[in-house]
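Trainee: Have a look at this one before I ask anything.
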Amino acid sequence: MDVQLFRIDDRLIHGQVVLGWAKPLRSERILLCDDEVSQSAWEKELYCTCVPEELKALVCNVDETTNILSTKILPEDKTIVLVKEPRVVMDIVNKGYVPGKVNLGGLHFSDQRKKYLSYVYLNDEEVKQLHWLLDKGISIYCQDVPTSKAHDVLDVIVKPRP
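All residue numbers for the sequence shown refer to our numbering, where the first residue is 1 and numbers rise by one.
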């Protein structure tokens, strides 16, 4: 499996991922990693129907995702990996797969989160989780779509917020 994009996005599969990223990257597969979604047949079906026919979609839990990424049991499809939050990336790393680069593409507003960019809101725990990932040598950048400017996550989370 050729991981083109390893993305944190709390909306998981949506138009920005399918049209904004998958199309220009010419992706062949979307691998959605979420323990809850993987246990719900109707949610799996819902997310998979959001993917155009030319893309393969796979919904897995953390263990399955780590196994797929570590063993390369799937074909060398150009793949986008989607997770909902930084904690899931930590879980994958703790189980043995370390992505080289992670895209922080969308963590949206909630009462507990502070605004860092128009598409990046983080709570204190998520900031700690990002630092943990950085300490593991993972490069993290913020970019909602490929046509927008990429920001190194450290430049975003250590600067004063507006």
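Just so you know, even glycine gets a beta-carbon here, dropped at the ideal spot from N, CA and C.
1) Using a threshold of 7 Å, state whether the C-beta atoms of Glu76 and Asp152 are closer than that.
2) Are the region 119-134 and the region 42-54 touching, with three or more C-beta to C-beta distances below 8 Å?
3) Taking only three categories from DSSP, how would you classify Tyr47?
4) Determine the closest residue to Ile157 out of Ile30, Lys114, Pro146, with distance taken between C-alpha atoms.
5) Apart from the five residues on each side of it in sequence, which residues of its chain come closer than 7 Å, Cβ to Cβ, to Trp132?
6) Which partner residues does Gly106 have in the DSSP bridge list?
7) Kindly indicate which three-state DSSP category Ala176 falls into: helix, strand or coil?
8) Near Ser70, which residues of its chain fall below 6 Å by C-beta distance, leaving aside the five closest residues on each side in sequence?
Mentor: According to the structure data:
1) no
2) no
3) helix
4) Lys114
5) Met90
6) Asp9
7) Outside the shown range of the chain, which is 1 to 162, sits residue 176, and nothing can be said about it.
8) Gly96, Tyr97
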